[in-house]
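Engineer: What follows is a structure written as structure tokens; I'll ask about it next.
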Amino acid sequence: MFKVIIMLFCAFIINLFSAASANTNISNALHNMCTLVIANDPIALREKIQKVKKNYRLKLQHYYSGISCAGNSLIRTALLNNANETGKFLIHKLPRATLLSPEPDGRTLQQWIDEKNLSDTPISLTLTNRI
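Note that our numbering has the sequence shown beginning at -14, numbered continuously upward.
Quick look at the structure:
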């Protein structure tokens, strides 16, 4: 009986550490997405998204809201850095529901764009056509 308890405890500890390791691996995989957006490199960003999808079975819409670049989402970061190609790429990759939903600060992308007077940028025009 004691051996069974010890084995269950060991299995629990191993499972706990493997889950923590998986979260660390995902964090490492998503680490440089902000850099890729700022660099306006849609090809490298596409490759990163495909790698995360293949290795972790996660689509962009599943982790998009969890990525913050100096407090901004990936699309907001693209807008602020004139990264038009990556911004348009992200808008095409995300579902309309994600584009229309409020971000962590409570404002939608369109509201934020209007407040920042960025409505004449190629990214915001793509967003308007998409939604």
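C-beta atoms are modelled at their ideal positions from N, C-alpha and C, and glycine is treated no differently.
(1) With DSSP as the reference, identify every bridge partner of Asn57, one or two as the case may be.
(2) In the structure shown, what three-state DSSP assignment does Gly72 receive?
(3) Can you tell me which of Cys54, Leu59 and Ala55 puts its alpha carbon nearest to the alpha carbon of Leu45?
(4) Go through its chain and collect everything with a Cβ distance to Ile31's Cβ below 8 Å, but skip five positions before and after it.
(5) What distance in whole Å lies between the Cβ atoms of Cys19 and Thr62, which are believed to be in contact at a cut-off of 8 Å?
(6) Would Ser109 be called buried (16 or more neighbouring beta carbons within 10 Å of its own) or exposed?
(7) Starting from Asp99, trace the alpha helix (DSSP H) both ways and give me its first and last residue.
(8) Please report the distance separating the alpha-carbon of Ser6 from that of Asn102.
(9) Could you give the distance in angstroms between the alpha-carbon of Ala4 and the alpha-carbon of Asp105?
(10) Can you give me the C-alpha to C-alpha distance between Asn40 and Tyr48, rounded to a whole angstrom?
(11) Pop quiz: Leu94 and Arg115 are said to be a contact at Cβ under 8 Å. What is the actual Cβ separation, rounded to whole angstroms?
(12) Which of helix, strand or coil does DSSP assign to Glu32?
(13) Starting from Thr20, follow the alpha helix (DSSP H) in both directions and report where the run begins and ends.
Structural biologist: Straight from the coordinates:
(1) Counting from 1 along the sequence shown, the entry for residue 57 is found at position 72. Answer by DSSP bridge pairing, in chain order: Cys54.
(2) As a working note, residue 72 is residue 87 in the sequence shown. Note: Gly72 maps to helix in three-state DSSP.
(3) Numbered from its first residue, the sequence shown carries residue 45 at position 60. The candidate whose alpha carbon is nearest that of Leu45 is Leu59.
(4) Stepping through the sequence shown from its first residue, residue 31 is reached at position 46. Just to set this straight, residue 31 is Arg in the shown sequence, not Ile. So the list reads Phe74, once near-sequence residues are dropped.
(5) On the sequence shown, position 77 is the one that residue 62 refers to. On the sequence shown, position 34 is the one that residue 19 refers to. Going by Cβ atoms, the distance from Thr62 to Cys19 rounds to 6 Å, so yes, they are a contact pair.
(6) Sequence index remark: in the sequence shown, residue 109 carries index 124 (1-based). It is buried - the Cβ of Ser109 has at least 16 other Cβ atoms within 10 Å.
(7) The residue given as residue 99 occupies position 114 in the sequence shown. Segment Leu94 to Glu100, the alpha helix (DSSP H) holding Asp99.
(8) Residue 6 sits at position 21 when you count from the first residue of the sequence shown. Residue 102 sits at position 117 when you count from the first residue of the sequence shown. With a pLDDT of 45 at Ser6, under the threshold of 50, the predicted position of this residue should be treated as unreliable, though the coordinate-derived value follows. Cα to Cα, Ser6 sits roughly 42 Å from Asn102.
(9) Within the sequence shown, residue 4 is the residue found at index 19, counting from 1. Within the sequence shown, residue 105 is the residue found at index 120, counting from 1. The predicted model places Ala4 with a pLDDT of 46, which falls under 50 and marks its position as unreliable, so this point remains unresolved.
(10) On the sequence shown, residue 40 is found 55 positions in, with the first residue counted as 1. On the sequence shown, residue 48 is found 63 positions in, with the first residue counted as 1. Approximately 14 Å between the Cα atoms of the pair.
(11) Along the sequence shown, read from residue 1 onward, the residue named residue 94 stands at position 109. Along the sequence shown, read from residue 1 onward, the residue named residue 115 stands at position 130. Leu94 to Arg115, Cβ: 10 Å. No contact.
(12) Taking the first residue of the sequence shown as 1, we reach residue 32 at position 47. In the structure shown, Glu32 sits in a helix (DSSP, three-state: H, G or I).
(13) Looking up residue 20 in the sequence shown gives position 35. Note, Thr20: alpha helix (DSSP H), Met18 to Ile23.
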